[in-house]
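Undergrad: Heads up: the protein sequence lines correspond to chains V, A, E and D, in order. Position 187, counted from 1, in the first sequence is what this note's numbering calls 170; the numbers after and before it change by one each time, with no gaps. Position 233, counted from 1, in the second sequence is what this note's numbering calls 216; the numbers after and before it change by one each time, with no gaps. With positions in the third sequence counted from 1, the corresponding number in this note's numbering is that position plus 14. With positions in the fourth sequence counted from 1, the corresponding number in this note's numbering is that position plus 14. Idealized CB from N, CA, C, for every residue including glycine.
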Amino acid sequence: MANLEVKFCGVKFSNPTVLASGILGVTASSLKNVIRNGAGGVTTKSIWLEEHIGHKNPTMFGTEHYFVNAVGLSDAGMKKAAEETFPEYNKNKPAPIIANIVASSMEDFAKLTEEITKCDPDIIELNLGCPNVEDQHGKPFSCVAADAAKVTKLCRAMTKKPLIIKLTPNVSDIATVAKACAAEGADGFCAINTLYGMGIDINMRRPILTNKSGGLSGPGIKPSAVKAVYDIYKATKLPIVGTGGIMTGEDVLEIMMAGARLVGIGTMVNYRGVEGFGEIVKEMEKWCEENGVKDLEEIIGVAQ
Amino acid sequence: MANLEVKFCGVKFSNPTVLASGILGVTASSLKNVIRNGAGGVTTKSIWLEEHIGHKNPTMFGTEHYFVNAVGLSDAGMKKAAEETFPEYNKNKPAPIIANIVASSMEDFAKLTEEITKCDPDIIELNLGCPNVEDQHGKPFSCVAADAAKVTKLCRAMTKKPLIIKLTPNVSDIATVAKACAAEGADGFCAINTLYGMGIDINMRRPILTNKSGGLSGPGIKPSAVKAVYDIYKATKLPIVGTGGIMTGEDVLEIMMAGARLVGIGTMVNYRGVEGFGEIVKEMEKWCEENGVKDLEEIIGVAQ
Amino acid sequence: MHIKTFDTRFKTLRIKKILEENPTTKTFIFEYPLGGKPGQFAMIWLPGFDEKPMSIAFDDGKEFWITICKVGPFSSAMHELNVGDKVGIRGPFGTSYKFKKGENLALVAGGYGAAPMYFVAYEASNMGCHVDFLIGARNKDLLLYTHKILSLANTKLHISTNDGSVGVQGFITQVLDQILADSHSKKDYKVFTCGPEVMMKAVGDVCDKYKTPAWLSMEKYMKCGIGVCGQCAIDDTGALCCVDGPVMEWKKLRKLPEMGEYHRDAQGKKHYLRAK
Amino acid sequence: MHIKTFDTRFKTLRIKKILEENPTTKTFIFEYPLGGKPGQFAMIWLPGFDEKPMSIAFDDGKEFWITICKVGPFSSAMHELNVGDKVGIRGPFGTSYKFKKGENLALVAGGYGAAPMYFVAYEASNMGCHVDFLIGARNKDLLLYTHKILSLANTKLHISTNDGSVGVQGFITQVLDQILADSHSKKDYKVFTCGPEVMMKAVGDVCDKYKTPAWLSMEKYMKCGIGVCGQCAIDDTGALCCVDGPVMEWKKLRKLPEMGEYHRDAQGKKHYLRAK
Ligand SMILES: Cc1cc2nc3c(=O)[nH]c(=O)nc-3n(C[C@H](O)[C@H](O)[C@H](O)COP(=O)(O)OP(=O)(O)OC[C@H]3O[C@@H](n4cnc5c(N)ncnc54)[C@H](O)[C@@H]3O)c2cc1C
Ligand SMILES: Cc1cc2nc3c(=O)[nH]c(=O)nc-3n(C[C@H](O)[C@H](O)[C@H](O)COP(=O)(O)OP(=O)(O)OC[C@H]3O[C@@H](n4cnc5c(N)ncnc54)[C@H](O)[C@@H]3O)c2cc1C
Ligand SMILES: Cc1cc2nc3c(=O)[nH]c(=O)nc-3n(C[C@H](O)[C@H](O)[C@H](O)COP(=O)(O)O)c2cc1C
Ligand SMILES: Cc1cc2nc3c(=O)[nH]c(=O)nc-3n(C[C@H](O)[C@H](O)[C@H](O)COP(=O)(O)O)c2cc1C
Ligand code: FES
Ligand code: FES
């Protein structure tokens, strides 16, 4: 029987599959249900300092090839996380939890890091996919290496928890952004967030999403995720939560061979349901058996 | 019967489907065969000034969701284009032809523009977006608005032919790049080129492509293409060859509603064969009939 | 692994007919084989505005109905629509009510719940079930579907209003208690209820008194409707109202801290149903 | 539209057995139900190095063979491999040879063409066809598959060598001319040929003389093997060797400017087969 256990920044996961942020992540009960279904860990939906109103429905749609969403990062804010989500998740805590936080100013990011640390998550993940209100072009933090590095530095100073940066693939060179963050003390990365996407209903002649455009995820983006993980691993050698288009146990192994240590899974739920986590773990075990892999350490980054 | 004819920079196309660059584009006979199968126009495989050696096989692979290629822009150079491809295509010329050119220096781009103009193509397309071609800053030209604008300016000075810029989606804001090119005299755009992609064979534990990484195309990228076209159209109002993941007549209509005037189709051939062009045109006609669309001008950019 | 073909884009349908059920409620009829079962819901889209879940009030494979109560922006916008207008539809989604030939059913409806319950009664009476249809309303004007219900075979309609303007004065749970007191000994007796959560909880308690199994139409804030966003998760099992529900068995809900106590809004924040 | 499930990723197979056909040719045997038909090809991948098209020399649904002639980097690398080594395989691709029970076939092979032609002969003899198997080689040492061919029922082997070291001295086309002169009157007579393009063109000319239909195994530079890249397009029809071929009818090729005249390299540049 292969050992699927992996350590990520010193945190032990019973298997490398981790629920990606924003899927089934609104409440502690929902997160625990995902663990019950086989995931090795969970990530919270992005948490803001204050309550944040998202976009109106439709907030997502999918086809067999991809999924597009514009939920708009709706969240009840840090208060709910501190009073409800974390206390409830941490009582007979079933597996590690990654706190994903988001803000539109560097100052808020630092404050949030300080606040969320008190909730005792295992890992803190900065969602830099949100536009920087201070930047004159209003580009997302992780589109500009210097901005990403600055946020990393400020947050790093606020916590001793493992700090990982979630990067957007919508840049010409993701490795440069990753290196800049690593230089400021990032412990690892989560890649990728969604690509740009839009769908138009030709009968209505209107964009499907009320927000018009959204984020592209699902089966169609797997090669972009594998490429990003490969490049970030090569550039930094830091641990990575490889995320994007993972649907099967084979997909998990593929992105791990590119350099991922944990594997984020979100849109899969749309195709296989939450039970998919358990099925994927079985698929991994089967492949490891057949291919004589005793420990996943053997395959992390092996395709480099 | 709906009128599928469209004019693009003054050039008349019998229908908006155009063969994308790099697919079935090695010889004039192959290009003519694509027109025979129903396409409204064709684009040549990227042409270099001198012969250019591409990557070794495997140069491409696909799944039901996407396709990844790293052909490496192999080409026999301008000499073959001038002595063989264009003379042969232009004798009883069946439809408009777009000359796609590529270079790794601004100087070569200008020289090529001058040379290719002598071949009398209907439109000249600058491939500034191929992830396989990098300038000395280590980025494709169209990843940097200033570079893209400079190349546009140099080439603009060399030709009176309609000049369009093919853009990469691997940037955080494609509209900014497009605006910069428009300011230097670009007549239109082709979007998108491929996204970054990589696939790993888990049994071999190696990247599938000999070049390791390649360009992602096919069904999974359609939402990225629609989004890019929507943004470029909003920012410049210039004509666009909407390209990326187009598989059906409905897909053609969708990207036209986002703002495309012509629609580039490449990877579709992998799924439906070259006959797919004729089938797609029929699907468009059917939808136009059913929805009372008499002229495609009615739908271009209607979802804006 | 086989990925099932999955497409959650919309069907565009034109409204075929609109019925005024009462001053605040309209039924929209669409000619389309949606294939919905009693208790399931569909997502209704008004392009550029919003999209909301709505129960299927009738579906015979040729046409289906949606009955909408005017309470806020979206339902009001729906009430502005005319015959021939286009809306986007996706679905059917969620679980449905299960019953067999000849069973004895008590359907307890509150508010617009009478509409989806009519769909249950229609199918049940066709299957020769004995149906007691109970509707509770604040007053006469808020009743709906009564004529349609009366036209169904082996279906008995029971009404209660708080003001006694029609039917029994008081709460519908009293009527249910009566019925179960007489007939809970009948085998295969089942109670289905759709209405305000507080009412459904009271119905559940009555059923417990008579050890009668009950199923409820749960209503939680939904975004995706397909089990992805987690917005509709119910504490503390994390069951999803959109895929594990909306029809859920009372015995699985009875003990839940959330049941009849609070809802969550679009941001996932708790709102208590009763001032604490 | 329905997109057929399409996956061009590789199967990883281990070499089960290697046969030395002659000093420059080896046959690689794989235990895998590839499902190839005579005339079709597969793509063989050596990770990190290169991938090339190779004809299927045999396939009985349990195992298949690939016979490779050592001419350059890739074929040499293949010759370095040992039993148990892994290679990637995708396919089968392309068109195949078609024949019916009891037909009369002349199979004309040059170079490694004898291997794929053996697959034709194997199936044809099983179907009770009468087969004349013609092999042309420069000399005795370059012959291959002769023993396998001799073991086939209702199959007659004819050999020619330029130096006369075995069989008739001269060109194989002379032998074909003889055979057709005697037997072209037989109905259903068909000629299949696989070898250097110049040889196949000569075979086609002989067939024209006797009005005998002929089919050729075309070999053009291939990259994708699946009809996408356009590398293998044939002038001036633009037909694709990888999907419209490799097996093509002579009457469709006869008039083509490219036939027997030039090939294109990986950059699409012309190379004439004979100095002009
Ligand atoms: C499974 C299900 C079936 C439903 N069936 C019907 C039906 O048949 N007829 C009908 O009139 N209504 C139905 N609803 C309620 C409907 O979806 C809307 O909530 C209602 O139309 C109010 O929206 P509004 O914008 O008009 O008012 P708002 O002022 O926006 O909302 C009024 C109240 O409705 C609730 N609500 C709002 N949005 C949602 C949402 N997306 N999901 C769940 N609750 C929400 C909130 O508790 C809010 O306080 C159903 C809801 C669910 C979950
Ligand atoms: C349909 C088809 C079936 C084939 N079947 C066999 C077979 O059964 N046995 C066998 O030994 N060889 C076969 N080949 C040829 C084989 O694909 C290689 O061309 C050969 O192995 C030479 O490659 P190399 O690297 O060893 O030598 P190189 O020096 O690279 O090439 C030698 C010559 O082979 C040709 N060639 C090289 N690469 C290709 C390519 N990708 N496609 C087509 N031609 C190429 C070129 O004309 C070149 O001049 C087949 C080719 C095709 C197209
Ligand atoms: C419905 C939905 C909501 C998401 N919300 C968030 C979010 O709140 N924060 C975040 O960092 N990423 C969010 N994402 C991105 C995912 O975490 C993940 O990075 C991306 O979807 C790619 O992985 P996948 O293909 O497995 O879904 C969301 C994705 C989806 C589909
Ligand atoms: C095999 C292949 C080769 C390509 N070669 C080129 C090229 O030479 N020049 C270029 O500008 N784009 C090239 N592209 C990109 C396509 O022109 C197109 O922009 C992209 O594939 C998206 O469209 P699609 O999804 O319809 O293929 C190539 C794409 C593929 C699949
Ligand atoms: S509404 Fe999204 S999970 Fe139920
Ligand atoms: S090899 Fe690519 S089209 Fe034939």
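1. In the DSSP assignment, what residue or residues form a beta bridge with aspartate 146 of chain E?
2. What does DSSP give as the partner residues of tryptophan 31 of chain A in its beta bridges?
3. Is lysine 217 of chain V close to chain A? Criterion is C-beta to C-beta, closer than 8 angstroms.
4. Three-state secondary structure (DSSP) at threonine 250 of chain V?
5. Could you please give the first and the last residue of the uninterrupted alpha helix (DSSP H) stretch that includes leucine 158 of chain E?
6. What residues of chain V sit near methionine 222 of chain E, judged by a beta carbon separation below 7 angstroms?
7. Suppose the cutoff is 6 angstroms on Cβ atoms and the five residues either side in sequence are ignored; what does the same chain contact list for lysine 84 of chain E look like?
8. So, do the stretch 50 to 59 of chain A and the stretch 196 to 204 of chain A have three or more beta carbon pairs nearer to each other than 8 angstroms?
9. Should isoleucine 6 of chain V and valine 252 of chain V be called a contact, given that it needs their Cβ atoms to be closer than 8 angstroms?
10. Helix, strand or coil: which one does DSSP assign to leucine 2 of chain A?
11. Please confirm whether methionine 43 of chain V has its beta-carbon closer than 8 angstroms to some beta-carbon of chain A.
12. Any beta carbon from chain E within less than 8 angstroms of isoleucine 36 of chain V's own beta carbon?
13. Give the straight-line distance between the Cα atoms of glutamate 117 of chain A and glycine 55 of chain A, rounded to the nearest whole angstrom.
14. Check whether the Cβ of asparagine 176 of chain A lies closer than 8 angstroms to any Cβ atom in chain V.
15. For the stretch 66 to 136 of chain A, which segments carrying the beta strand (DSSP E) assignment without a break, of at least 3 residues, lie completely within its bounds, in sequence order?
16. Which chain A residues sit within Cβ distance under 8 angstroms of proline 61 of chain D?
17. Looking only at C-alpha atoms, which of E:Gln245, E:Gln281, E:Gly218 sits nearest to lysine 266 of chain E?
18. Quick check on the burial criterion: 16 or more other C-beta atoms within 10 angstroms. Buried or exposed for glutamate 211 of chain E?
19. Please report the residue range of the alpha helix (DSSP H) in which methionine 267 of chain A lies.
20. Compare the beta carbon distance of methionine 236 of chain E and glutamine 245 of chain E with 8 angstroms and say whether it is the shorter of the two.
21. Could you check if leucine 254 of chain D belongs to the surroundings of ligand 6, using beta carbon to heavy atom distance under 7 angstroms?
22. For the alpha helix (DSSP H) holding serine 13 of chain V, just list the boundary residues, first then last.
23. Starting from aspartate 64 of chain D, trace the beta strand (DSSP E) in both directions and tell me its first and last residue.
24. Per DSSP, what are the beta-bridge partners of tyrosine 203 of chain D in this structure?
25. Comparing C-alpha positions only, which one of A:Ile147, A:Ile107, A:Lys269, A:Lys76 sits nearest to lysine 17 of chain A?
26. Run the CB neighbour count on glycine 232 of chain A, radius 10 Å, all protein chains shown included, and call it buried at 16 or more, exposed below.
27. Identify, in the order they occur along the chain, each residue of the same chain with its Cβ nearer than 7 angstroms to the Cβ of threonine 169 of chain D, setting aside the five sequence neighbours on each side.
28. Measuring from the CB of threonine 109 of chain D, is there a heavy atom of ligand 2 at a distance below 7 angstroms?
29. Let's test the definition: count the other Cβ atoms within 10 Å of the Cβ of lysine 114 of chain E and tell me whether it reaches 16, buried, or not, exposed.
30. Run through chain V and tell me which residues come within less than 7 angstroms of isoleucine 240 of chain E, C-beta to C-beta.
31. Below 7 angstroms between beta carbons is the criterion; list the residues of the stretch 243 to 259 of chain E that meet it against any residue of chain V, in chain order.
32. In chain V, which residues lie with their C-beta within 7 angstroms of the C-beta of cysteine 126 of chain A?
33. Give a single yes or no on whether glutamine 245 of chain E has its beta carbon closer than 7 angstroms to a heavy atom of ligand 5.
34. Since alanine 59 of chain A and glycine 178 of chain D should fall inside the 8 angstroms C-beta cutoff, what is the C-beta to C-beta distance between them, to a whole number of angstroms?
35. Quick check on phenylalanine 78 of chain D - is its C-beta less than 8 angstroms from some C-beta in chain A?
36. Have a look at A:Leu245, A:Asn176, A:Asp184 and flag the residue whose alpha-carbon is nearest the alpha-carbon of valine 325 of chain V.
TA: Reading it off the structure:
1. E:Ala120, E:Lys170
2. Partner(s): none; tryptophan 31 of chain A has no beta bridge.
3. no
4. coil
5. Unbroken run through leucine 158 of chain E: none, as it is neither H nor E.
6. Methionine is not the amino acid found at residue 222 of chain E; the sequence shown has aspartate there. Result: empty, since nearest Cβ-Cβ is about 24 angstroms, beyond 7 angstroms.
7. Thr38, Ser90, His93
8. yes
9. yes
10. strand
11. no
12. yes
13. Because glutamate 117 of chain A sits at a pLDDT of 49, beneath the cut-off of 50, its placement in the model cannot be relied upon, and the following sentence gives the value as read from the coordinates. Approximately 12 angstroms between the Cα atoms of the pair.
14. no
15. 80 to 84, 106 to 110
16. Asp184, Met187, Arg189
17. E:Gly218
18. buried
19. 259 to 273
20. yes
21. yes
22. 11 to 19
23. 64 to 69
24. D:Asn118
25. Sequence inspection shows valine at residue 17 of chain A; the lysine mentioned does not correspond to that position. The candidate whose alpha carbon is nearest that of valine 17 of chain A is A:Lys76.
26. buried
27. Ala135, Ser139, Val145, Phe147, Ile163
28. no
29. exposed
30. Asn253
31. Cys243, Gly244, Gln245, Ala247, Asp249, Asp250, Thr251, Gly252
32. Ser155
33. yes
34. Going by Cβ atoms, the distance from alanine 59 of chain A to glycine 178 of chain D rounds to 42 angstroms, so no, they are not a contact pair.
35. no
36. Any property of residue 325 of chain V remains undetermined from this structure, which presents chain V solely from -16 to 287.
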